[in-house]
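S.K.:
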Amino acid sequence: MDLAAYVDGGVQDILATAGTFYLSHPRGLKFLANETVYIARARRRRRKAQEAGLHVPVFLIASIASECNLDCVGCYARANGSIGPKAKARELTDEDWGRIFDEAQELGVSFVLLAGGEPTMRPAVLKDAAAHESIVFPVFTNGLLLDEDYLEFFDMHRNLVPVFSLEGDGMRTDARRGPGVAHAVHPKMVACRQRRILWGASITVTTENLGQVTSDTYVGELHDLGCGLVVYVEYVPVDPSTRHLALGKEEQQLLLDRVATMHADEAYRGTMLVAFPGGEERMGGCLAAGRGFFHIAQDGAAEPCPFSPYSVANVRDVGLEGALRSSFFERVRAIEGAHAFEHTGGCTLFLHADEVERALETKETPKGCTGGTVP
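In my numbering, the protein residues as written are 218 to 592.
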């Protein structure tokens with residue numbers, strides 16, 4: 218699999234989805250025209266870096282907030298200590314994130330996925346992100362803080378795309394996120410549709426909700442609400458007692474089959490559907506540790522993936538380029554290759570955490586960093 222070609226195709230799918238969504242919408246069309254130019258420029262920068270021996274991924278995942286207004290059942294961020302007072306004390310500043318976005322833009326990163334905690338609790342970081350118009354920032358949010366001011370903000374800055382975290386219908390969403398959450402979030406989706414704001418849904422998929430969240434009825438409801446992106450994220454069993462909720466091989470294949478079927482269905486034209494990490498089989502295996510993306514934790518730690526929270530370098534010290542050149546990331550990519558497609562009950566690196574921990578034993582200084590670091 219030619220990963221670069223596959224990713225370029227995926228980027229074109231994203232642009233096509235936005236094009237369908239923004240048909241006859243002046244502000245959306247202006248964003249789309251500008252973004253088409255930016256993405257082509259970013260692709261050239263990545264290819265130039267590749268020729269110089271540096272692979273720059275199209276995506277980054279940035280957890281910008283160490284606080285959250287919810288306490289969801291099975292929250293991975295709370296389980297690993299990246300949310301709470303201690304995490305808040307060491308989180309990156311607004312200025313740190315601004316410099317990181319600067320370097321991402323310079324290197325040719327096209328998409329930075331903003332997560333948390335709850336990213337809307339860092340409004341200054343979101344404003345800085347909005348100013349980096351050449352990057353698209355999907356903002357993964359529970360949606361509760363999207364008041365009229367925030368809706369206006371997203372309306373004015375189309376390179377920020379709200380992505381609502383859902384679990385399925387109202388009953389399932391409330392069971393995990395708290396009573397009344399689904400009822401409170403629904404009007405925010407309606408408001409996005411009314412403003413013609415492209416928005417998405419991030420759905421944690423378990424053995425219990427797989428049938429519902431991939432049904433024509435449920436996806437059709439999202440489509441009718443104006444949802445332009447559905448990201449299915451396979452449940453990772455942080456608590457061993459919940460392992461029965463993680464998808465097995467048969468369920469993973471069912472998810473992929475349903476995504477492929479819906480993707481080809483004209484009824485869902487204008488809605489892009491993605492499965493993670495199961496969809497990585499089409500991309501030659503795990504994409505973490507810089508192969509397709511890497512994760513920047515709240516404190517700046519450069520981690521292979523949110524579900525593999527190990528680090529030997531901090532982007533505050535070495536920048537994005539230094540993290541990408543890390544020999545630790547090289548060793549993690551070797552683990553990915555050795556266990557390609559083995560992610561039953563969680564992603565590849567989550568299942569082989571013992572090997573990732575052993576890869577930490579040699580903590581070399583990142584090699585060959587020639588500039589572009591974050592002070």
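From the three backbone atoms N, C-alpha and C, an ideal C-beta is built for every residue, glycine too.
Keep in mind the model is a prediction, meaning the values are calculated, not measured.
Mind pulling the beta strand (DSSP E) runs of 3 or more residues that sit fully within the stretch 286–338?
M.R.: With a minimum length of 3 residues, the continuous beta strand (DSSP E) runs that stay inside the stretch 286–338 are 328–332.
S.K.: Check A518 in the structure and name its three-state DSSP category.
M.R.: As a working mapping, residue 518 is identified with position 301 in the sequence shown. Correct three-state label for A518: strand.
S.K.: In angstroms, rounded to a whole number, what distance separates the CA positions of T434 and L383?
M.R.: Locating residue 434 in the sequence shown gives position 217, where the first residue counts as 1. Locating residue 383 in the sequence shown gives position 166, where the first residue counts as 1. One C-alpha to the other measures close to 15 Å.
S.K.: Applying the 10 Å Cβ sphere with the 16-neighbour rule, what's the burial state of V474?
M.R.: Within the sequence shown, the letter at position 257 stands for residue 474. Looking at the sequence shown, residue 474 is not Val but Asp. Exposed, by the Cβ-count rule.
S.K.: In terms of alpha-carbon separation, which member of D313, D482 and G428 lies closest to H440?
M.R.: Counting from one through the sequence shown, the residue named residue 440 turns up at place 223. Nearest option by C-alpha distance: D482.
S.K.: Can you have a look at S241 and say buried or exposed, based on whether 16 or more other CB atoms are within 10 angstroms of its CB?
M.R.: Indexing the sequence shown from 1 puts residue 241 at position 24. By the 10 Å Cβ count, S241 comes out exposed.
S.K.: Taking DSSP as the reference, what is the three-state secondary structure of P396?
M.R.: Along the sequence shown, read from residue 1 onward, the residue named residue 396 stands at position 179. The answer is coil: DSSP assigns P396 none of H, G, I, E or B.
S.K.: Would DSSP call P340 helix, strand or coil?
M.R.: To locate residue 340, count along the sequence shown from 1; it is residue 123. Note: P340 maps to helix in three-state DSSP.
S.K.: Rounding to the nearest angstrom, what Cα-Cα distance links G585 and S543 in this structure?
M.R.: Counting from one through the sequence shown, the residue named residue 585 turns up at place 368. Counting from one through the sequence shown, the residue named residue 543 turns up at place 326. Its pLDDT being 46, under 50, G585 is placed unreliably in this model, and the value from its coordinates should be taken loosely. Each residue's Cα considered, the two are about 9 Å apart.
S.K.: Of the residues T310, V573, A306 and D372, which one's Cα is nearest the Cα of L246?
M.R.: Your numbering for residue 246 matches position 29 in the sequence shown. With distances taken between Cα atoms, L246 lies closest to D372.
S.K.: Which same chain residues, not among the five before or five after M199, have their C-beta less than 7 Å away from its C-beta?
M.R.: The chain is shown from 218 up to 592; residue 199 falls before or after that span and cannot be answered.
S.K.: Measure the C-alpha to C-alpha separation of T310 and E467 and round it to an integer number of angstroms.
M.R.: Position 93 of the sequence shown, counted from the first residue, corresponds to residue 310. Position 250 of the sequence shown, counted from the first residue, corresponds to residue 467. Each residue's alpha carbon lies about 44 Å from the other.
S.K.: In whole angstroms, what separates the C-alpha of I420 from that of R389?
M.R.: Within the sequence shown, numbered from 1, the residue matching residue 420 stands at position 203. Within the sequence shown, numbered from 1, the residue matching residue 389 stands at position 172. In a straight line, the C-alpha of I420 is about 11 Å away from that of R389.
S.K.: Using DSSP's beta-bridge definition, name the partner residues of C444.
M.R.: The residue labelled residue 444 in the question sits at position 227 within the sequence shown. DSSP output for C444 lists W416 as bridge partner(s).
S.K.: Taking C-alpha atoms, which residue in H403, L504, G536 and D534 lies nearest to P521?
M.R.: The residue you call residue 521 lines up with position 304 of the sequence shown. Of the listed residues, the one whose Cα sits closest to P521 is L504.
S.K.: Mark N286 as exposed unless 16 or more other C-beta atoms lie within 10 angstroms of its C-beta, in which case mark it buried.
M.R.: Translated into the one-based positions of the sequence shown, residue 286 becomes position 69. When all chains shown are included, N286 counts as exposed.
S.K.: Considering only residues of the same chain and omitting the five flanking positions on each side of E572, which have a CB-CB separation below 7 Å?
M.R.: Translated into the one-based positions of the sequence shown, residue 572 becomes position 355. Only I552 meet the Cβ criterion.
S.K.: Report the three-state DSSP secondary structure of L362 (helix, strand or coil).
M.R.: Mapped onto the sequence shown, residue 362 falls at position 145. If DSSP states are grouped into helix, strand and coil, L362 belongs with coil.
S.K.: For R339, collect the residues of the same chain with a Cβ closer than 7 Å to its Cβ; drop the 5 residues on either side in sequence, then sort them by chain order.
M.R.: The residue given as residue 339 occupies position 122 in the sequence shown. Here the set comprises I281 and A282.
S.K.: Alpha carbon to alpha carbon, what distance is there between P243 and A296?
M.R.: In the sequence shown, the residue the question calls residue 296 occupies position 79. In the sequence shown, the residue the question calls residue 243 occupies position 26. Computed Cα separation, rounded: 44 Å.
S.K.: Helix, strand or coil: how does DSSP classify L577 here?
M.R.: Against the sequence shown, residue 577 aligns to sequence position 360. Reduced to three states, the DSSP call for L577 is coil.
S.K.: Grab the span of the beta strand (DSSP E) containing L277 for me, first residue to last.
M.R.: As a first step, residue 277 must be located in the sequence shown, where it is residue number 60. L277 -> beta strand (DSSP E) spans F276 to S280.
S.K.: State the DSSP-derived secondary structure class of R375, mapped to helix, strand or coil.
M.R.: Within the sequence shown, numbered from 1, the residue matching residue 375 stands at position 158. R375 falls in the coil class under three-state DSSP.
S.K.: Ignore the nearest five residues each way along the sequence and tell me which others in Y239's own chain have a CB closer than 6 Å to its CB.
M.R.: Residue numbering aside, residue 239 sits at position 22 when the sequence shown is read from its first letter. G245, L246 and L249, listed in sequence order.
S.K.: Which residue comes first and which comes last in the beta strand (DSSP E) that contains L493?
M.R.: As a first step, residue 493 must be located in the sequence shown, where it is residue number 276. Checking the sequence shown, residue 493 turns out to be Phe, not Leu. Residues M489 to F493.
S.K.: Select from L577, E538, I300 and N531 the residue whose C-alpha is nearest the C-alpha of R548.
M.R.: Your numbering for residue 548 matches position 331 in the sequence shown. For the residues L577, E538, I300 and N531, the minimum Cα distance to R548 belongs to L577.
S.K.: Would you tell me roughly how many angstroms separate the C-alpha atoms of E268 and G539, rounded to the nearest one?
M.R.: Here residue 268 corresponds to residue number 51 of the sequence shown, with the count starting at 1. Here residue 539 corresponds to residue number 322 of the sequence shown, with the count starting at 1. Rounded to the nearest angstrom, the two C-alpha atoms are 17 Å apart.
S.K.: Can you say whether D230 is buried or exposed, counting buried as having 16 or more other CB atoms within 10 angstroms of its CB?
M.R.: As a position in the sequence shown, residue 230 is number 13, starting the count at 1. Exposed: under 16 other Cβ atoms inside 10 Å.
S.K.: Can you list, in chain order, the residues of its chain with a C-beta nearer than 6 Å to that of A304? Leave out the 5 residues immediately preceding and following it.
M.R.: One-based indexing of the sequence shown puts residue 304 at position 87. Excluding residues within five positions, the ones whose Cβ falls inside 6 Å are S283 and Q515.
S.K.: With 16 other CB atoms within 10 Å as the buried threshold, where does K405 fall?
M.R.: Position 188 of the sequence shown, counted from the start, is the residue given in the question as residue 405. By the 10 Å Cβ count, K405 comes out buried.
S.K.: For the alpha helix (DSSP H) that G428 lies in, which residues bound it at each end?
M.R.: Taking the sequence shown and counting its residues from 1, one reaches residue 428 at position 211. Where G428 is concerned, the enclosing alpha helix (DSSP H) stretches over L427 to V430.
S.K.: Across the stretch 359–374 and the stretch 249–267, are there enough close Cβ pairs to call them in contact, namely three or more that are closer than 8 Å?
M.R.: Too few Cβ pairs lie closer than 8 Å, so no.
S.K.: Straight-line CA distance for G315 to L330?
M.R.: Counting from 1 along the sequence shown, the entry for residue 315 is found at position 98. Counting from 1 along the sequence shown, the entry for residue 330 is found at position 113. The alpha-carbon atoms of G315 and L330 are separated by roughly 15 Å.
S.K.: Buried or exposed: where does V273 fall if 16 or more other Cβ atoms within 10 Å of its Cβ makes it buried?
M.R.: Position 56 of the sequence shown, counted from the start, is the residue given in the question as residue 273. Classification of V273: buried, given that the 10 Å Cβ count is 16 or more.
S.K.: Quick one: what's got a C-beta closer than 7 Å to V228's C-beta in the same chain, skipping five residues either side?
M.R.: As a working mapping, residue 228 is identified with position 11 in the sequence shown. Same-chain partners within the cutoff: I256, V275 and S327.
S.K.: Which whole-angstrom value is the C-beta distance of A506 and R460, which I expect to be below 8 Å?
M.R.: Sequence index remark: in the sequence shown, residue 506 carries index 289 (1-based). Sequence index remark: in the sequence shown, residue 460 carries index 243 (1-based). No, A506 and R460 are not in contact; Cβ-Cβ is about 25 Å, not under 8 Å.
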